[in-house]
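Student: Starting off with a structure, shown below.
There are 2 protein chains.
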Amino acid sequence: MKILITSGGTTESIDTVRGITNHSTGTLGKYISEKFLAQGHQVSLVTTKSAVKPQEHDNLDIYVISNVDSLIKTIEPLVKSHDVLIHSMAVSDYTPVYMTDLDEVKQRKDIAQLLTKENKETKISSKSDYQVLFLKKTPKVISLVKNWNPNIQLIGFKLLVGVSKDELFAVARESLVNNQARYILANDLSEITPNQHHAYLLDSENAYEAWTKADIAQLIFEKVTHDD
Amino acid sequence: MKILITSGGTTESIDTVRGITNHSTGTLGKYISEKFLAQGHQVSLVTTKSAVKPQEHDNLDIYVISNVDSLIKTIEPLVKSHDVLIHSMAVSDYTPVYMTDLDEVKQRKDIAQLLTKENKETKISSKSDYQVLFLKKTPKVISLVKNWNPNIQLIGFKLLVGVSKDELFAVARESLVNNQARYILANDLSEITPNQHHAYLLDSENAYEAWTKADIAQLIFEKVTHDD
Chain G
1 MKILITSGGT TESIDTVRGI TNHSTGTLGK YISEKFLAQG HQVSLVTTKS
51 AVKPQEHDNL DIYVISNVDS LIKTIEPLVK SHDVLIHSMA VSDYTPVYMT
101 DLDEVKQRKD IAQLLTKENK ETKISSKSDY QVLFLKKTPK VISLVKNWNP
151 NIQLIGFKLL VGVSKDELFA VARESLVNNQ ARYILANDLS EITPNQHHAY
201 LLDSENAYEA WTKADIAQLI FEKVTHDD
Chain Y
1 MKILITSGGT TESIDTVRGI TNHSTGTLGK YISEKFLAQG HQVSLVTTKS
51 AVKPQEHDNL DIYVISNVDS LIKTIEPLVK SHDVLIHSMA VSDYTPVYMT
101 DLDEVKQRKD IAQLLTKENK ETKISSKSDY QVLFLKKTPK VISLVKNWNP
151 NIQLIGFKLL VGVSKDELFA VARESLVNNQ ARYILANDLS EITPNQHHAY
201 LLDSENAYEA WTKADIAQLI FEKVTHDD
């Protein structure tokens, strides 16, 4: 099978030296890639510069992206040519529009006008005591996948922080339906430590539990190849 | 000599999953560390999780920090016990105070009141189309160094983007005076490529030019040890 995997976290630039980053080491995506490679599958991994990556392999192609815009440009043709997408990347929800000092914001009667401005300077000045950064929502990449390829088997990821199991399941299953995913891997940051990664692989009826990144990779591998 | 080196770029958290990062691979700090280690000096390297690091060495201690607050707590005692500080780390100018949606900002008569608020949620909601992030200035770490240890030999770094040589020199020499540095390494991001790192090591009278990271490490090594 041709398996497309995303890993790492995107960064949206504020200026040439600063950006907003979604923290993700890429470790889970590396485990999943290695699992499929070891079983003879073809893997395309879309990841970020700083993410950890699998070793070189004849059946592995790596694509390095930075922000949501470059993710979409890279992933659209790949989604169309793969059988499965395992979308473990932490994708930025918002991207910077304009950054300015607090005084400029105070002086505006209509603050929304600032959303039409953009920073011309390459490195925004750091003189004033307070700065204000306006951000706009990025396109939800996972919601575009089935439009690009209705036949792809989509495994989405939902990371929440410090919620109940009920809430985690409810939010994950909402994503399952909205994005026409085959499974959602639901996990809570408060249950991820260097030695543990507690997660549930959910479909509309079942919840398969895993306690380590290796377990998660194994579980996804089994479900994806069993359904083939 | 006991050499303290900083490298990498700090990250200021927005919430548990997102942060504002100053881009820096840590490569130059690695070169400088290796240069001093090879010549028998004791090196303490204060760096970040994602920065590249020198190989283990009997004379090398590595301290991993994340944000400006942890940098200050870690570096203050080290500055007091070292002979030289080579401060190549890209330190965040601003840190998040409060993030909210645009509607809340519009409804406030006195926007500055929002600076007294803080986010209680661990992962800020991504429902609204626009978000506004308020940031406040961080303490300038380089300006504190000589208060902690008046005898330390301080090498500062100044990175600008797309400016003239005159402007670069003027800004760097302002930092030299304000921070009582022995030298400032002045460089322009537009002259840094994978194979080139154009920079000037400046004191009040002289400018020593370098074209690669290895050259910069050599130049700093010579000046620091010659002045000993």
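The listed protein sequences derive, respectively, from chains G and Y.
Each residue of the first sequence is one higher than the last, beginning at 1 in the UniProt record's numbering.
Each residue of the second sequence is one higher than the last, beginning at 1 in the UniProt record's numbering.
Beta carbons: idealized from backbone N, C-alpha and C, even for Gly.
Name the two residues that bound the continuous beta strand (DSSP E) containing R18 (chain G).
Tutor: Numbered from 1 along the first sequence, position 18 holds the residue referred to as residue 18 (chain G). Segment R18 to N22, the beta strand (DSSP E) holding R18 (chain G).
Student: If contacts are defined as beta-carbon pairs under 8 Å, then H82 (chain Y) and S44 (chain Y) qualify, I think. What distance do you get, rounded to the angstrom?
Tutor: Here residue 82 (chain Y) refers to the residue found at position 82 of the second sequence. Here residue 44 (chain Y) refers to the residue found at position 44 of the second sequence. Indeed, because the Cβ distance is near 7 Å, the residues count as touching under 8 Å.
Student: Among the residues of its own chain, which have a CB less than 6 Å from the CB of G26 (chain G), if the five just before and after it don't count?
Tutor: Residue numbering aside, residue 26 (chain G) sits at position 26 when the first sequence is read from its first letter. Correct list, in chain order: S7, G8, T47, A51 and V52.
Student: Any beta-carbon of chain Y closer than 8 Å to the one on Y200 (chain G)?
Tutor: The residue given as residue 200 (chain G) occupies position 200 in the first sequence. Output row for Y200 (chain G): interface = no.
Student: Let me see if you follow: with CB-CB separation under 8 Å, is T11 (chain G) close to chain Y or not?
Tutor: Within the first sequence, numbered from 1, the residue matching residue 11 (chain G) stands at position 11. Closer than 8 Å: yes.
Student: Under DSSP, the alpha helix (DSSP H) around P96 (chain G) begins and ends at which residues?
Tutor: As a position in the first sequence, residue 96 (chain G) is number 96, starting the count at 1. Not the alpha helix (DSSP H): P96 (chain G) falls in the beta strand (DSSP E), residues Y94 to D101.
Student: Would you mind stating whether L37 (chain G) and N22 (chain G) have Cβ atoms separated by less than 8 Å?
Tutor: In the first sequence, counting from the first residue as 1, residue 37 (chain G) sits at position 37. In the first sequence, counting from the first residue as 1, residue 22 (chain G) sits at position 22. Their beta carbons are not under 8 Å apart, which means L37 (chain G) does not touch N22 (chain G) by this criterion.
Student: What are the residues of the stretch 16–27 of chain Y that lie near chain G, defined by any Cβ-Cβ distance shorter than 8 Å?
Tutor: Residues passing the 8 Å Cβ filter: T16, V17, R18, G19, I20, T21, N22 and H23.
Student: Do you know how far the Cα of T74 (chain G) is from the Cα of K158 (chain G)?
Tutor: The residue you call residue 158 (chain G) lines up with position 158 of the first sequence. The residue you call residue 74 (chain G) lines up with position 74 of the first sequence. C-alpha separation (whole angstroms): 22 Å.
Student: For the beta strand (DSSP E) that residue 236 (chain G) lies in, which residues bound it at each end?
Tutor: Residue 236 (chain G) lies beyond the residue range present for chain G, which begins at 1 and ends at 228; the question has no answer from this structure.
Student: In the structure shown, what three-state DSSP assignment does K80 (chain Y) receive?
Tutor: Here the question's residue 80 (chain Y) lines up with position 80 in the second sequence. Note: K80 (chain Y) maps to helix in three-state DSSP.
Student: Could you give the first and the last residue of the continuous alpha helix (DSSP H) run that contains T122 (chain Y)?
Tutor: On the second sequence, residue 122 (chain Y) is found 122 positions in, with the first residue counted as 1. In the DSSP assignment, T122 (chain Y) falls outside any alpha helix (DSSP H), carrying neither H nor E.
Student: Identify every residue that forms a DSSP beta bridge with K136 (chain Y).
Tutor: Here the question's residue 136 (chain Y) lines up with position 136 in the second sequence. DSSP output for K136 (chain Y) lists G:Y130 and Y:T95 as bridge partner(s).
Student: Going by beta carbon distance, what residues of the same chain come within less than 7 Å of D228 (chain G), once the five residues before and after it are set aside?
Tutor: Against the first sequence, residue 228 (chain G) aligns to sequence position 228. Reliability fails at D228 (chain G), whose pLDDT of 46 lies under 50, so the model's placement of it is uncertain and the value that follows must be treated cautiously. These residues qualify, in order along the chain: M1.
Student: If you draw a straight line from the alpha carbon of A217 (chain G) to that of Y183 (chain G), how long is it in whole angstroms?
Tutor: The residue labelled residue 217 (chain G) in the question sits at position 217 within the first sequence. The residue labelled residue 183 (chain G) in the question sits at position 183 within the first sequence. The alpha-carbon atoms of A217 (chain G) and Y183 (chain G) are separated by roughly 13 Å.
Student: Are the C-beta of D228 (chain G) and some C-beta of chain Y separated by less than 8 Å?
Tutor: On the first sequence, position 228 is the one that residue 228 (chain G) refers to. Its pLDDT being 46, under 50, D228 (chain G) is placed unreliably in this model, and the coordinates cannot settle the point.
Student: Would T95 (chain Y) be called buried (16 or more neighbouring beta carbons within 10 Å of its own) or exposed?
Tutor: Locating residue 95 (chain Y) in the second sequence gives position 95, where the first residue counts as 1. Flag for T95 (chain Y) reads buried.
Student: Give the range of the beta strand (DSSP E) segment to which K2 (chain Y) is assigned.
Tutor: Here residue 2 (chain Y) refers to the residue found at position 2 of the second sequence. Where K2 (chain Y) is concerned, the enclosing beta strand (DSSP E) stretches over K2 to T6.
Student: What does a CB cutoff of less than 6 Å around L28 (chain Y) pick up in its chain, not counting 5 residues either side in sequence?
Tutor: For this step, residue 28 (chain Y) is matched to residue 28 along the second sequence. Taken in chain order, the residues that qualify are S88 and K213.
Student: Starting from the beta carbon of I72 (chain G), find every residue of chain Y whose beta carbon is closer than 9 Å, and list them in chain order.
Tutor: Working through the first sequence from its first residue, we reach residue 72 (chain G) at position 72. Chain Y residues near I72 (chain G): none, gap ~17 Å exceeds 9 Å.
Student: Would you kindly check if the distance between the Cβ of T16 (chain Y) and the Cβ of V91 (chain Y) is under 8 Å?
Tutor: In the second sequence, residue 91 (chain Y) corresponds to position 91, counting from 1. In the second sequence, residue 16 (chain Y) corresponds to position 16, counting from 1. Result no, Cβ atoms of V91 (chain Y) and T16 (chain Y) do not sit closer than 8 Å.
Student: Less than 8 Å between CB atoms is the rule here; does S164 (chain Y) satisfy it with respect to chain G?
Tutor: The residue you call residue 164 (chain Y) lines up with position 164 of the second sequence. For S164 (chain Y), the answer is no, since every Cβ of chain G falls outside 8 Å of its Cβ.
Student: Between V132 (chain G) and chain Y, is the shortest Cβ-Cβ distance under 8 Å, so that the two count as touching?
Tutor: Start at 1 with the first residue of the first sequence, and residue 132 (chain G) comes out as number 132. Yes, V132 (chain G) lies at the interface with chain Y (some Cβ there is under 8 Å from its Cβ).
Student: Is there a Cβ of chain Y sitting closer than 8 Å to that of A90 (chain G), yes or no?
Tutor: As a working mapping, residue 90 (chain G) is identified with position 90 in the first sequence. Chain Y, which has a Cβ nearer than 8 Å to the Cβ of A90 (chain G), makes this yes.
Student: Residues of chain Y with a CB under 7 Å from the CB of T122 (chain G): which are they?
Tutor: As a working note, residue 122 (chain G) is residue 122 in the first sequence. Correct list: V161 and G162.
Student: Whole angstroms is fine: what's the gap from P150 (chain G)'s alpha carbon to L168 (chain G)'s?
Tutor: By one-based count along the first sequence, residue 150 (chain G) stands at place 150. By one-based count along the first sequence, residue 168 (chain G) stands at place 168. Going by the C-alpha atoms only, they are around 26 Å apart.
Student: According to a CB-to-CB cut-off of less than 8 Å, which residues of the stretch 98–113 of chain G neighbour chain Y?
Tutor: L102, V105, K106, I111 and A112
Student: Per DSSP, what kind of secondary structure is V43 (chain G) in: helix, strand or coil?
Tutor: In the first sequence, residue 43 (chain G) corresponds to position 43, counting from 1. In the three-state scheme derived from DSSP, where H, G and I count as helix and E and B as strand, V43 (chain G) is classed as strand.
Student: Starting from I142 (chain Y), trace the alpha helix (DSSP H) in both directions and tell me its first and last residue.
Tutor: Locating residue 142 (chain Y) in the second sequence gives position 142, counting from the first residue. Counting along the chain, the alpha helix (DSSP H) containing I142 (chain Y) begins and ends at V141 to W148.
Student: The alpha helix (DSSP H) with residue 282 (chain Y) in it runs from where to where?
Tutor: Examination of residue 282 (chain Y) is not possible in this model, given that chain Y is present from 1 through 228 alone.
Student: Answer yes if the stretch 129–147 of chain G comes into contact with the stretch 96–111 of chain G, meaning at least three C-beta pairs across the two stretches below 8 Å, and no otherwise.
Tutor: yes
Student: Tell me where the alpha helix (DSSP H) around K165 (chain Y) begins and ends.
Tutor: As a working mapping, residue 165 (chain Y) is identified with position 165 in the second sequence. It spans K165 to N178 - the alpha helix (DSSP H) in which K165 (chain Y) sits, taken as one unbroken run.
Student: Buried or exposed: where does K30 (chain G) fall if 16 or more other Cβ atoms within 10 Å of its Cβ makes it buried?
Tutor: Within the first sequence, numbered from 1, the residue matching residue 30 (chain G) stands at position 30. Looking at its Cβ environment, which holds 16 or more other Cβ atoms inside 10 Å, K30 (chain G) is buried.
Student: Rounded to the nearest angstrom, what separates A186 (chain G) and N67 (chain G) at their Cα positions?
Tutor: Counted from its first residue, the first sequence places residue 186 (chain G) at position 186. Counted from its first residue, the first sequence places residue 67 (chain G) at position 67. C-alpha separation (whole angstroms): 23 Å.
Student: With 8 Å set as the bound, which would you pick, yes or no: does the beta-carbon of D69 (chain Y) sit closer than that to a beta-carbon of chain G?
Tutor: Reading the second sequence from its first residue, position 69 is the one you call residue 69 (chain Y). Closer than 8 Å: no.
Student: I need the DSSP call for I14 (chain Y), collapsed to helix, strand or coil.
Tutor: Position 14 of the second sequence, counting from 1, holds the residue named residue 14 (chain Y). Residue state for I14 (chain Y) is assigned as coil, using DSSP reduced to three classes.
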